[in-house]
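J.: For the sequence shown, the tail end lands on 973 under the working numbering, and the numbers increase by one without skipping.
Think of the CB as a built atom: it goes at the ideal place given N, C-alpha and C, for glycine as much as any other residue.
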Amino acid sequence: MKIQQVFDGIFLTIFWVWNLTFLSIVYLGILPLIGVPLIKATIDGIIPLEFSLTMAATIAVPTVCTVIGARRFRKQPLQLMRWFYGVEAPLFLLCLLRLFLLRELTPASSQIIATIALCIAAFSVEMLYGYLGKRENVQNIFDSPNSHNKQPRFFKLIGEKRSAWLQLGCHSLMVVVGIWAATLLIYYAVPVALYTLYGFLTVVIEFFKFTWVSPFLEMFKYGAWASALIWIPLSFILFGLTCSLFVVMPSLYGFLYIHSGRKIWVSFAAQYGKNKALIGSLGVIAAWLAIFSALQQQPQVAVMKMLATPPGNDTVRQTLLAKSDMIRSGLVNAYLSPYRYLSTVRENNHIYEIYKNSLNLPDGAAQTVQNSYNFLMSPFLYQGSSADVEKAEKLYGEFFDTELQKGDTEAVKHAVQSTSNREEAKAGLLNVSEEKVWLQSQEVTVKENGDWADVQLYEVYKNQTPNLQEVFYYFSLPESAAVTGVWLGDTGDLNKRFAFTVSPRGAAQQVYNQQVVERVDPALLEQIGPKQYRLRAFPIPAKREFTQTDGPTEMHLWLTYKVMRQPQGWAMPVLAEKRNIFWNQNTRRTIAGKEVKYSGKEARETWLPPFLPAATQQPLTVQQAVLPGGNIISAKPLADANYSLPQGKKFAVILDTSRSMATESKEVKETFEWLKAHAASKNAVDLYIASAAGMPPKFVEDVRKFDAAKVTFYGTIQLKDMLQQFAQLGGDKSYDTVFLVSDRHSYELSDDRKPKLSISAPLWTVHLGGLPPGYDDPTLKAIQDSGGGVSTDMKEAMQRVATTAASGQSTVSVVDGYVWSYAKTPPSKKTAKTAKLAAVAESKYAGNEGFKPIAARQLITALSKQKSSNQLTQLDAMHAVAKNFKVVTPYSSMIVLVNDAQREQLKAAEAKSDRFDREVESGKEQLTKPNNPLNVSGVPEPEEWLLLAVGAIGLLVIFLRQRRAKMVG
5 MKIQQVFDGI
15 FLTIFWVWNL
25 TFLSIVYLGI
35 LPLIGVPLIK
45 ATIDGIIPLE
55 FSLTMAATIA
65 VPTVCTVIGA
75 RRFRKQPLQL
85 MRWFYGVEAP
95 LFLLCLLRLF
105 LLRELTPASS
115 QIIATIALCI
125 AAFSVEMLYG
135 YLGKRENVQN
145 IFDSPNSHNK
155 QPRFFKLIGE
165 KRSAWLQLGC
175 HSLMVVVGIW
185 AATLLIYYAV
195 PVALYTLYGF
205 LTVVIEFFKF
215 TWVSPFLEMF
225 KYGAWASALI
235 WIPLSFILFG
245 LTCSLFVVMP
255 SLYGFLYIHS
265 GRKIWVSFAA
275 QYGKNKALIG
285 SLGVIAAWLA
295 IFSALQQQPQ
305 VAVMKMLATP
315 PGNDTVRQTL
325 LAKSDMIRSG
335 LVNAYLSPYR
345 YLSTVRENNH
355 IYEIYKNSLN
365 LPDGAAQTVQ
375 NSYNFLMSPF
385 LYQGSSADVE
395 KAEKLYGEFF
405 DTELQKGDTE
415 AVKHAVQSTS
425 NREEAKAGLL
435 NVSEEKVWLQ
445 SQEVTVKENG
455 DWADVQLYEV
465 YKNQTPNLQE
475 VFYYFSLPES
485 AAVTGVWLGD
495 TGDLNKRFAF
505 TVSPRGAAQQ
515 VYNQQVVERV
525 DPALLEQIGP
535 KQYRLRAFPI
545 PAKREFTQTD
555 GPTEMHLWLT
565 YKVMRQPQGW
575 AMPVLAEKRN
585 IFWNQNTRRT
595 IAGKEVKYSG
605 KEARETWLPP
615 FLPAATQQPL
625 TVQQAVLPGG
635 NIISAKPLAD
645 ANYSLPQGKK
655 FAVILDTSRS
665 MATESKEVKE
675 TFEWLKAHAA
685 SKNAVDLYIA
695 SAAGMPPKFV
705 EDVRKFDAAK
715 VTFYGTIQLK
725 DMLQQFAQLG
735 GDKSYDTVFL
745 VSDRHSYELS
755 DDRKPKLSIS
765 APLWTVHLGG
775 LPPGYDDPTL
785 KAIQDSGGGV
795 STDMKEAMQR
805 VATTAASGQS
815 TVSVVDGYVW
825 SYAKTPPSKK
835 TAKTAKLAAV
845 AESKYAGNEG
855 FKPIAARQLI
865 TALSKQKSSN
875 QLTQLDAMHA
885 VAKNFKVVTP
895 YSSMIVLVND
905 AQREQLKAAE
915 AKSDRFDREV
925 ESGKEQLTKP
935 NNPLNVSGVP
945 EPEEWLLLAV
955 GAIGLLVIFL
965 RQRRAKMVG
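In structure tokens:
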């Protein structure tokens, strides 16, 4: 009798002391520090709802279990222990794992979590209500006196028979779960038992060495002694009880679940017969195992094998395209594996390290233990390596012809949001979200000067995050426009804004990127295509959440450009892509002196109107500018009747067959039908069909023999690779013009390779569906140097080619409704007559100073077509023109600097031989990847645990006090 009372006392002590200790920590620490921010983050849409629900369950489990234990089992210590080890402890542990360890669940891990939760629920029902079938002659020595009370309403609704079958199924799984969980916990129970014993003895020894005094005194130094006196005892009590919990739990948990499963099976067999009980149990287990086996097949394993070798013919390509959904699933799973799995199989070494250090097992034996653990944990382990993340991203781009972060934005966003850590979720979310910086106001002013105008765009940005951010624009302007300035400021005061410097494109990019790393204010405006520009500004001041300072709270940006008048009016920048910035109906907009209001979807999607109407509609006139060095640029307006189509020419057409072209298949068909009807009948048109890796490109001598409907669009291929394929396949064939038919293309997939692209004929890229954000420099150089251009329509491109040829050799380009021509009088050939003519021209257009930057832009285009044996000298000459007239060109960028150190750095970069070498910037976001909790480099020695524990508690106490002070401030 006395022994029974001793055990009853132990059972009661374990239950009540552990629960009371935990409840104190939950309500004093976890709830205010983690729970409240988590709920706020869920309301803000930063963290999924499931994590808040899990947090609520984490708080509710010990609370509810304590209440039930007090009401139903307080006089039954044995039942209290069953309740604790069979319901409360595993359910609470499950909640903690889901909240802090498991991020985005996979189908396999979801099955395990759901099954465990179901079994815990079934065990609790069995404890509270016993067997749900007929109870006559069913003995259960573990049932409490209250277990035969009336059943819950749900079981009454489904009936006694269905309730019995349901209970049999759940308890059959309970046996499987009990064996699996108990075995898994034993891996930790053995070393925990050894470490607890050894650690206890070590702590006693270290205590009398007084090595803990120094960190303890630090707590008093920060005035945290009261909190320390509370938290240290609670932590040690919790630690001791938790150690005992882990030591006892595996065997007791497995025994309770196996015994409960057997008990229900016996009760069911007594009522319905052993055969039905056996069939029911085995059927449920077999079905569960079948589902488990199916879900264990991680999709990336097969996908990586599929894409290991590029397909060699159209049949294989079409087969792979038909499996696009499967391939997408596998590659996304590999890319997001750090968020979906606890570890890779290879990197999971913590069991190996624990057993090697705690039990001094040989390497082979420790690895065997680790391998067996990996088998049990397979639903939570990634079948591959950490290198698969980059490999999957590369394969995704090669197969889908787009960047993974763009192609599967929602999947990436959900993965990085799946965490209970608000700051971690916020950091990850911001990497793939575009709503970081709010466009508070926007003002556009236009100063008309007859046929051309000065346009200024002024924007004010407000950061919506606690971190410094960068504004990122891709936009396009008319090809003849000239960007003349960009400024940054902390306020709207024009006298205090920071001015720009025109610098070689490579030097400007290098300095900008380095200043962003150093978190110093720069801005960079680059031309990355005949019409395309990229604008970046950093840093947008962080949003202040707690304290106020005298620092800036917003960023002001001014952008100016000159543009020629077109029939629709004055062209505005056309947005190709934006990053980090957003606008809405609350953004204040003033366009040409008038307030503009947008609402709904239009307010979120509209940056600027495409054109602003011109105040006057006078007929266009010839414009001319005399530039230094005897250079004369003229702009002559063109009427629709002046345009023509080519005749008697020989053209080459290169067709891009990348995967993304499939979305433009209708336009591809219409383009080639137009070529056959209007170009091939009067000109010789050869077709070159570019191909992604695996298949060679094809040559079709006459485009009229080509059937666009039979093309298989597959993979990805960069524009410069298409040009290389054309050069290799075309050999020594010569053409009057080369047209490359592509789509908007994925600039982000470009690389920094610089192949030699020797195109003797003008190169025109025709982009169906819209212009790309930009080009890599080798491709842009090929377009500029050859005298080509860009267009979104084959007819327009052909007309511009023919009209340029018909306008004479002095023509620089035919663009935006004008013929641009270039003339230069060599100094040696100047006579009194030519000097007089030049003087007359300069006098006639003397009042046209504002037109000169536009003319300078065309002069640089003319200079880029001239062949030079010294490329660097030619680039320097073009840059000198850009710097003199303060314009952005494909070779010269504008950078805003704010201090002398930056200017010195730029000066040094401009002196380097690679000052014009620019890297491709994909803009790909670096996601905040979670740490691998199952990979360790070593296990702390037991004597280190005391110092670690005291130091950790001290840091926690100090953090709490500082956080409270910050919130009060």
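Would you say Gly134 and Gly182 are within 8 Å of each other, going by their C-beta atoms?
T.: no
J.: Can you grab the Cα-Cα spacing for the pair Ser669 / Thr406, in whole Å?
T.: 17 Å
J.: Along the beta strand (DSSP E) that carries Met568, what are the first and last residues, could you check?
T.: Met559 to Met568
J.: Tell me the DSSP secondary structure of Ala325 in three-state form.
T.: Checking the displayed sequence, the identity of residue 325 turns out to be Leu instead of Ala. For Leu325, the three-state secondary structure derived from DSSP is helix.
J.: What residues in its chain sit with their C-beta under 8 Å from that of Asp797, if we drop five residues either side in the sequence?
T.: Val770
J.: Kindly indicate which residue of Glu414, Pro701, Tyr345 and Pro508 has the alpha-carbon position closest to the one of Ser917.
T.: Pro508
J.: Check each candidate in Leu910, Gln374, Thr557 and Asn453 and name the one with the smallest Cα separation from Gly493.
T.: Thr557
J.: Confirm, please, whether the CB-CB distance from Tyr718 to Thr675 is below 8 Å.
T.: No, these two residues do not count as a Cβ contact at 8 Å.
J.: For Tyr826, does the three-state DSSP call read helix, strand or coil?
T.: strand
J.: Within 10 angstroms of its Cβ, does Phe88 collect 16 or more other Cβ (buried), or is it exposed?
T.: buried
J.: Ala312 to Gly698, Cα distance in whole Å?
T.: 11 Å
J.: At what residues does the alpha helix (DSSP H) containing Phe379 begin and finish?
T.: Start and end: Asp367 to Leu380.
J.: DSSP three-state label for His682, please.
T.: helix
J.: Val490 and Trp562 look like a contact to me (Cβ under 8 Å); what is the Cβ gap, rounded to whole Å?
T.: 7 Å
J.: Determine the DSSP secondary structure at Gln300, reduced to helix, strand or coil.
T.: coil
J.: Look up Gly489 in the DSSP assignment and give the residues it is bridged to.
T.: Thr564
J.: In the DSSP output, which residue or residues are listed as bridge partners for Asp497?
T.: Residue pairing by DSSP places Asp497 opposite no residue, since no beta bridge is assigned to it.
J.: Roughly how many angstroms separate the alpha carbons of Ser685 and Leu691, rounded to a whole number?
T.: Here the alpha carbons of Leu691 and Ser685 stand approximately 15 Å from one another.
J.: Taking DSSP as the reference, what is the three-state secondary structure of Pro36?
T.: helix
J.: Please state whether DSSP places Ile636 in a helix, a strand or coil.
T.: Strand.
J.: Is the Cβ-Cβ distance between Lys566 and Ala486 less than 8 Å?
T.: Ala486 sits close to Lys566, with the two beta carbons spaced by under 8 Å.
J.: Kindly indicate if chain D contains any beta-carbon less than 8 Å away from that of Thr25.
T.: Looking at the structure shown, chain D is missing, and only one protein chain is on hand.
J.: Can you list the alpha helix (DSSP H) stretches of 4 or more residues lying completely in the stretch 63-88, in chain order?
T.: 81-87
J.: Could you tell me which residues DSSP pairs with Met882 in its beta bridges?
T.: Per DSSP, Met882 has no beta-bridge partner at all.
J.: To the nearest angstrom, how far is it from the Cα of Val288 to the Cα of Ser176?
T.: 7 Å
J.: On the three-state DSSP scale, how would you describe Ile899?
T.: Three-state DSSP puts Ile899 in a strand.
J.: Applying the 10 Å Cβ sphere with the 16-neighbour rule, what's the burial state of Ile162?
T.: Exposed, because fewer than 16 other Cβ atoms sit within 10 Å of the Cβ of Ile162.
J.: What is the rounded straight-line gap between the Cα of Ile72 and the Cα of Val91?
T.: If you take the alpha carbons of Ile72 and Val91, they lie about 11 Å apart.
J.: Could you check where the beta strand (DSSP E) with Asp644 kicks off and where it finishes?
T.: First-last for Asp644: undefined, no H or E at that position.
J.: Suppose contacts are defined by Cβ-Cβ distances below 8 Å. Is Phe615 in contact with Trp587 by that definition?
T.: no
J.: Per the DSSP calculation, Glu402 is bridged to which residue(s)?
T.: Answer is none; Glu402 lacks a bridge partner.
J.: Just the C-alpha distance for Asn453 and Leu642, rounded to the nearest angstrom, thanks.
T.: 19 Å
J.: Bridge partners of Ser347, per DSSP?
T.: Its beta-bridge partners are Leu385.
J.: Which same chain residues end up closer than 7 Å to Glu447 when comparing Cβ atoms and leaving out the 5 residues on each side of it in sequence?
T.: Tyr462 and Thr594
J.: Just to confirm before moving on: does the CB-CB distance between Gly793 and Tyr751 stay below 8 Å?
T.: no
J.: What residue range is occupied by the uninterrupted alpha helix (DSSP H) comprising His354?
T.: His354 to Ser362
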